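Sequence lines, in order, name chains A and B. Once you know that position 12 of the first sequence is 12 in my numbering, the rest is easy, because the numbers rise by one and skip nothing. Once you know that position 95 of the second sequence is 95 in my numbering, the rest is easy, because the numbers rise by one and skip nothing.
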Amino acid sequence: MAGASDAIFRADPPDALVRVSLGAIDALYHRPSGATHLVAAPVPQILEALAEGPTDAASLGRRLAARFELADGEADLLPALAARLAELEALGLVRREPGVAR
Amino acid sequence: MRHAIGLAVGPATFRVGSAWRAPIDQLRRLYAGYPAVDPDRQVPDFTVRLQPARPWRRFVRPSIFIGGDHWLAEAAPMALAHGLLAAEMGMNLQMALGWRRHLLLHAASVERDGRAIVLTGESGSGKSTLAAQLGERGWRLMGDEFALLDLANGMVHPFPRLVSLKNRSIDVVTADLPPGRLGPRLDGTAKGSIRHLVPAPDAIARMREPAMPALLLFPRFGFAAARRIVEPGEAFVRLTEASTNYVALGEAGFGALTRFVTRVPALALDYPDGDAAIAAVEALWAGMA
C-alpha cells in the first residue's frame with residue numbers, strides 16, 4: 001500500500017461540506033456522513049487547496065506554499081501535511097484514490 | 001389507563017395516563033391555567049404512562065414505572081408519593097428523546113422587550129433557579145429546562161413547564177409566592193427535595209410566543225463573581241453537549257446552532273448567590289440596551 005507521501009488524495013465535491021467560521025475554529029458539516037467536525041488551521045486551508053483537484057502530498061504542499069507564501073522547500077512541511085491528510089482521511093473528509101500512486 | 005389528562009406546554013402536547021388518581025389530580029391543579037387539551041379529540045405529540053412496576057404494585061408499596069412513546073430501560077421505579085415528579089420526568093423524557101421540530105437545548109430562557117436570554121449549564125449550575133427568580137422580577141419566564149431553537153428563523157420558543165425547584169432553592173424562590181402556585185414538597189427523591197412551581201400567568205398566557213435570542217449565559221452558582229466572554233467555538237461545543245437532538249436534526253441543527261453562536265454574544269457568569277446573579281443579569285441587560 002502506498003504511503004501518505006505518494007498517495008493521491010481527493011476532497012469531496014465542494015457542496016459536500018458546509019463550513020462556518022466560529023472565530024478561532026471552523027465548524028464543518030459533512031453532508032455525506034451527517035457528521036460535524038470542528039477544525040482549526042491548517043485543516044480548512046488544506047481542504048480548500050485539495051478542492052482544486054486530486055493530488056499527492058508534495059503537490060498539495062506546493063499549492064499551500066503558493067497560497068500562503070511559505071518558504072519554498074520547508075523541510076517540515078511535507079511530513080506534517082502527510083500526517084494531517086492521514087487524519088482527514090480517518091475522519092472521512094478526504095479520500096485516497098484507489099490503487100493510484102505516483 | 002384509568003386516569004388521564006391532556007396537557008399543552010409551549011408547542012408540545014401530551015397525554016399523561018396513570019394507574020393512580022393522585023398524580024393526575026396534582027397535574028390537573030397545577031396545569032389549570034394552561035390551554036386545555038382533550039386527548040380524546042386531539043392526538044397528542046407524546047404519551048406518558050405512569051404504570052405499576054408489577055400489576056400488584058398498584059396497591060402493595062405502590063411503585064411507578066415511567067412508560068410512554070420514549071422511555072429509558074434502566075430507569076428505576078419511583079414511589080407513588082413522587083408521582084408528580086414521575087409525570088414531569090416522563091414529559092421531559094419525551095421531549096429530550098422525541099422532539100424534532102426545533103433544536104432542543106437543555107437551557108432556561110427568559111424574555112424582556114421581545115428579546116431573550118438563554119441560560120445553559122450543567123445540572124446544579126443554578127440556571128433553573130435564576131430563571132425562576134427572574135420570572136418573578138419583571139422577566140417573562142420562557143422555560144427552566146428546555147429552550148427550543150427555531151430551525152428556520154433562529155428564534156427561541158418557550159417551553160414553560162412547571163419549574164422544578166430543588167433543595168435550597170425551594171425556600172429562596174417560593175418565600176413570597178401563594179400556595180396555589182406550588183406543588184407538594186417531595187422529599188427523598190433521587191435529587192433530594194423537589195417542589196414544583198407554576199410559572200407566572202404571563203409566562204403561560206404567552207407560551208406560544210417566541211423571542212429572538214440576544215444573550216447566551218453560562219451561569220455557575222457558588223463561585224466568586226466573575227464573567228468571561230465565551231467564544232463562538234466554545235459556545236458551539238457546549239451547546240451541542242446541551243442538546244439531545246442536535247445529531248438527529250442533521251444539517252438543519254448545524255445551521256441553527258452555528259447561526260445562534262455566531263449572532264448571539266455569550267458570557268460565562270460565576271455568582272455567589274441569587275441576588276448577585278440577578279444584579280449581574282440586569283447590569284448586562286442595561287449595557288446591551
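Ideal placement from N, C-alpha and C gives every residue a C-beta, glycine not left out. If you're wondering where the values come from, they're calculated on a predicted model, not measured in any experiment.
| Given a threshold of 16 other Cβ atoms within 10 Å of its Cβ, counted over all protein chains shown, does Lys345/B qualify as buried or as exposed? | For chain B, the structure presents residues 1 to 289; residue 345/B sits outside this window and is missing.
| In three-state terms, what does DSSP make of Met1/A? | Model confidence at Met1/A stands at a pLDDT of 47, short of 50, so the residue's coordinates are unreliable; what they give is reported in the following sentence. Residue state, collapsed to three classes: coil.
| task | May I ask you to verify whether the segment 118–132 of chain B touches the segment 219–231 of chain B, counting CB pairs closer than 8 Å and requiring at least 3? | result | yes
| task | Tell me, please, whether the CB atom of Arg102/A is closer than 8 Å to any CB atom in chain B? | result | Caution applies to Arg102/A, whose pLDDT of 49 falls short of 50 and renders its modelled position unreliable; the model cannot decide the point.
| task | Compare the C-alpha of Gly293/B against each of Ala268/B, Ala131/B and Leu149/B and name the closest. | result | The requested residue 293/B is not part of the displayed model; chain B covers only 1 to 289.
| query | DSSP three-state call for Gly188/B: helix, strand or coil? | reply | strand
| Contact with chain B by Gly92/A, beta-carbon distance below 8 Å | no
| query | Taking Cβ positions only, does Val237/B come closer than 8 Å to chain A? | reply | yes
| said: For Gly53/A, would you say it is in contact with chain B, using Cβ-to-Cβ distances shorter than 8 Å as the test? | reply: no
| Residues near Leu186/B by beta carbon distance below 6 Å, same chain, minus five either side | The answer, listed in chain order, is His82, Leu85 and Ile194.
| Quick one: any contact between the segment 37–55 of chain B and the segment 9–21 of chain B, if contact means 3 or more CB pairs under 8 Å? | Taking one beta carbon from each stretch, the segment 37–55 of chain B and the segment 9–21 of chain B have 3 or more pairs nearer than 8 Å; the two touch.
| task | Would you please verify whether the beta carbon of Ala2/A is less than 8 Å from any beta carbon of chain B? | result | Caution is warranted here: a pLDDT of 45 is assigned to Ala2/A, below 50, making its placement in the model unreliable, and the coordinate value is therefore given only provisionally. Not closer than 8 Å to any Cβ of chain B, the Cβ of Ala2/A fails to qualify, so no.
| query | Can you tell me the Cα-Cα spacing of Pro11/B and Pro158/B, whole angstroms? | reply | 8 Å
| query | If you draw a straight line from the alpha carbon of Leu239/B to that of Leu257/B, how long is it in whole angstroms? | reply | 8 Å
| task | Compare the C-beta of Val20/A against all C-beta atoms of chain B and say whether one is closer than 8 Å. | result | yes
| query | Taking contact to mean at least 3 C-beta pairs separated by less than 8 Å, is the segment 3–17 of chain A in contact with the segment 88–100 of chain A? | reply | yes
| field | Per-residue DSSP class, three states only, for Gln42/B | value | coil
| request: Specify, as a first and last residue, the run of the alpha helix (DSSP H) that Phe236/B falls within. | output: Where Phe236/B is concerned, the enclosing alpha helix (DSSP H) stretches over Pro232 to Glu241.
| query | What's the C-alpha gap between Ala2/A and Ala83/A? | reply | Caution is warranted here: a pLDDT of 45 is assigned to Ala2/A, below 50, making its placement in the model unreliable, and no coordinate value can be reported.
| request: Drop a sphere of 10 angstroms on the beta-carbon of Trp139/B, count the other beta-carbons inside from all chains shown, and report buried for 16 or more, exposed for fewer. | output: buried
| Roughly how many angstroms lie between the CA atoms of Met212/B and Ala268/B, to the nearest whole one? | For Met212/B and Ala268/B, the gap between their C-alpha atoms comes out near 20 Å.
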